[in-house]
Structures are given as structure tokens and as C-alpha cells.
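What follows is a short report on a single structure.
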DNA sequence: ATGACAATCAGAGATTGA
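In my numbering, the protein residues as written are 117 to 375.
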């Protein structure tokens with residue numbers, strides 16, 4: 117089972133680029149972030165015609181997550197538990213059934229800039245809710261993963277120029293501590309365990325020729341629960357997608373599971 | 001120190017992103 121995460125930076129603007137990548141990468145499941153669309157305007161029929169089931173959790177203009185799946189999706193839930201007043205669409209879950217059933221969670225973690233400030237407070241509070249959701253998923257002792265745009269640069273080797281991010285919400289000590297607290301529950305950073313080296317990124321800013329200078333950061337991650345980590349076969353970043361026509365500023369990261 | 005670039009909504013330019 118091949119499961120990918122892709123922050124597409126607007127579904128309407130990315131229909132062609134996403135479709136091209138789907139045809140060649142042939143993922144079974146794709147967790148999308150920043151669809152920037154309400155559910156009614158998501159080009160559902162287009163992706164259904166490509167063989168995917170479509171589940172969305174959108175809002176107007178910003179944020180928004182979705183799942184595309186060639187395999188049946190069951191028990192879909194929307195919204196990260198823990199704050200009924202939170203109206204930002206950043207979390208969707210479903211169970212994918214093939215040889216094994218895997219609970220997949222798609223997430224778009226708040227950016228948090230400027231820090232300090234209310235946006236950073238929201239980011240840290242959201243990460244605390246994520247920690248609690250992970251604890252509950254761990255209790256099930258079933259295979260699960262949480263993948264998406266975490267907006268966290270875990271370590272200096274995950275940035276081409278770590279000094280440029282020192283005071284940024286993506287790399288501040290409190291952000292990294294919250295990331296470690298999550299991982300230390302017993303989750304596996306799928307890419308990091310398969311590729312221990314530096315220089316692997318998932319995001320390059322549109323500005324200042326970041327892509328041409330390979331001035332990137334690794335902020336899109338796949339965290340695996342223990343039973344899911346047992347099934348891990350492969351994890352890769354499709355970096356070449358960033359060099360194409362009308363690209364997102366993020367690229368896909370995917371895992372292949374023995375499931 | 002600032003803006004650079006892109007998407008959205010709207011129908012110009014502000015807002016957001018990372």
C-alpha cells in the first residue's frame with residue numbers, strides 16, 4: 117500500500133500538476149493539505165474519474181485537507197478533537213482497507229508565525245491536541261499513521277540554511293520540543309529512519325530562487341504508529357515535482373507499507 | 001530593513017503562507 121502526503125497549495129490551481137503526479141506515482145492513498153476550497157467546489161468528479169474515492173474537509177480561502185484513495189475508505193472523521201471552538205480545517209482521518217486496515221490521519225499543522233504571538237500560541241495548543249490524539253490512537257494498538265504538513269523543521273540538518281530559521285515558528289525550541297514530545301510517544305519519522313543524511317527537503321519557497329539554490333526545508337512528515345512502523349518498506353520524497361510547470365511550493369512524501 | 005512569489009477572493013489590493 118502506497119500512501120502519500122502532498123501540500124498542494126490550492127486545489128484549483130493544481131489540478132493539472134496533481135493529476136500528472138498521480139498518473140506516474142500511482143499512490144493508493146493521498147493526504148492533501150491546503151486545498152484552499154470549500155467542499156462543494158473541490159473538483160471531486162475529476163479525481164473520481166481517475167479512480168479515487170474523495171473525502172474533503174475544506175473551508176473558504178485557506179487551509180483545508182482531503183483524502184484521495186483507490187482503496188475503500190471507512191469511518192471518516194473531520195477535525196482534530198480537543199477544541200470545539202476551532203473552526204480551521206486542518207485534520208481528517210479515515211481507515212483504509214486492503215490486506216490490512218490502516219488508520220490514516222491527514223494534517224495541516226498551523227504555521228505559527230509571527231512568534232511570539234497568538235498564532236504561535238495556537239500552533240503550540242494544536243500540537244498539544246495532536247499529542248493527545250496520538251495517545252488515543254496508540255491505545256488502539258492498530259496500525260496508524262499521521263502525515264501532512266507539520267510546519268516543523270525537526271533538526272538543523274532538515275534545513276539548507278538552519279540559521280535563517282532560528283527565530284521562525286517552524287524551528288523555535290518550543291516547536292521542536294513539541295515535535296520531540298510527539299515522536300517520543302513511540303512514533304517513527306518514516307523518512308528519517310530510511311534516510312539518515314542531511315540535505316533532503318519537502319519545501320522550497322517561491323521567492324528568491326529558493327528551488328534553484330536548493331534552499332529548502334523538510335517540514336512534510338509521515339509519522340508511523342508502532343504497528344505501522346513494522347510494515348514500513350520504503351519512504352521517499354518526490355523532489356523533482358518542484359521543478360515542473362506551475363508547481364506547489366511543497367512536494368509529495370510517501371511511504372510504501374506491507375499492508 | 002524590506003521585498004521577493006503565489007493563491008484566494010474579488011474585481012484592487014489585502015491577507016496568508018513559510
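Where is the CB? At the ideal position from N, CA and C, for every residue including glycine.
Cα atoms of residue 172 and residue 198: separation of roughly 20 Å, rounded to the nearest angstrom. Secondary structure of residue 316 (DSSP, three-state): coil.
For residue 158 and residue 315, the gap between their C-alpha atoms comes out near 34 Å. If you draw a straight line from the Cα of residue 270 to the Cα of residue 334, it comes to about 8 Å.
Annotation for residue 149: the continuous beta strand (DSSP E) segment containing it runs 145–149. Around the Cβ of residue 363, a 10 Å sphere holds 16 or more other Cβ atoms; the residue is buried.
Going by DSSP, residue 223 is part of the beta strand (DSSP E) stretching over 217–224. Around the Cβ of residue 266, a 10 Å sphere holds 16 or more other Cβ atoms; the residue is buried.
DSSP, reduced to helix, strand and coil, places residue 325 within a helical segment of the structure shown. Excluding the 5 residues flanking it on each side, residue 272 has same chain C-beta neighbours closer than 7 Å at 278, in chain order. The straight-line gap separating the alpha-carbon atoms of residue 250 and residue 297 is approximately 11 Å. Collapsing the DSSP output to three states places residue 227 in coil.
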